[in-house]
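Student:
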Amino acid sequence: MSQQYKLHQFTNEKEFIEGSCEFIYDIIKNAIAVRGNAVIGLSGGTSPKAIYAALTVPSEKNQTIDWTRVFFYSVDERYIGKESPDSLYHLVRHTIFADSTPVSGLIDKHFTTPDTSLALPECINKYKSDLSQLVQTKSDGAPDLSILGMGEDGHIASIFPQMDSTPDKHIDLPTDLVYHTTTTRFAIFDRITTNLNFLTSSRNKLFFMKGESKKKVWDEMVAQPTNPYRWPAQAINQSGHSNVFYLV
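Take the sequence shown: its position 43, counted from the start at 1, is 43 in the UniProt record's numbering, and no numbers get skipped.
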């Protein structure tokens, strides 16, 4: 697969965090200027944690951003209580919307996420409705940015790869905006994820990556023939406007 993304490489964490935040700020500012709001998708994991923690801390780079015009949503979520340390909600609540930030009181209206207190089918249906309403009313039908990571098996969001698939031999991916997936390889069996078509529709895509092991998997993916059932991130890259921020 030909290279269809831009790689930004960093050798120290401070520059990685600052560069990542500035990239996100530029997208937010442009989206607000063009459409009046910005809609940003968030993924979990260890790589974005420090970036999320820095994102809304007042600085010279973000002082002109009106955070009441910025809306976040979950790219995926684990089906567990929202206050569990394993949930994306917990991560976002204690970083982007931390008590020490100027946006601490905005989380209920500015972070659209699955209500995991509901039974799983109800949770999925409600999130599907909430997310659809968000992008239709705030960003003309598509997210401005989706922040992603890639696991060492090649999964993105909670879209887990079909390891032995080929373009001609595979299980079709669900077309529902939001759907249920499971994993026995990673923490929390039941997951809720947005679909691949929705993620590719995002105006910008940003992968965060740390360490040689993740880069090795990424390079393996790039070298392989196109097969989004095995490598979902290939579809993201092929859809354009894909950036990778890599901390060596």
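For every residue, glycine included, the Cβ atom is placed at its ideal position computed from N, Cα and C.
Since the model is a prediction, treat every value here as computed from it, not as a measurement.
The alpha helix (DSSP H) spanning Ser-213 covers which residue range?
Tutor: Start and end: 212 to 223.
Student: Sorted by chain position, which residues of the same chain lie with C-beta nearer than 6 Å to Ser-104's C-beta, five sequence neighbours on each side aside?
Tutor: Correct list, in chain order: Phe-97.
Student: Can you tell me the Cα-Cα spacing of Gly-36 and Asp-66, whole angstroms?
Tutor: When rounded, the distance between both Cα atoms is 10 Å.
Student: Below 8 Å on the Cβ atoms is my guess for Ser-87 versus Glu-77; work out the distance and round it to an integer in Å.
Tutor: The pair is a contact, with the Cβ atoms about 7 Å apart (cut-off 8 Å).
Student: Under 8 Å, with one C-beta from each stretch per pair, do the stretch 125 to 133 and the stretch 15 to 31 reach the 3-pair mark?
Tutor: No, because fewer than three Cβ pairs between the stretch 125 to 133 and the stretch 15 to 31 fall closer than 8 Å, the two stretches do not touch.
Student: Can you tell me which of the three DSSP states Gln-9 falls into?
Tutor: The answer is strand: DSSP assigns Gln-9 an E or B state.
Student: Rounded to the nearest angstrom, what separates Arg-185 and Gln-162 at their Cα positions?
Tutor: If I take the Cα positions, the gap works out to 13 Å.
Student: Assuming Lys-210 contacts Glu-152 (C-beta within less than 8 Å), just tell me the rounded distance between them.
Tutor: About 12 Å; that fails the 8 Å criterion.
Student: In whole angstroms, give me the CA-to-CA distance for residue 257 and Gly-45.
Tutor: Missing from the structure shown is residue 257; the chain here goes from 1 to 248 and no further.
Student: Residues in the same chain with beta-carbon distance under 7 Å from Leu-118, minus the five sequence neighbours each way, listed in chain order, please.
Tutor: Hits under 7 Å: Lys-126.
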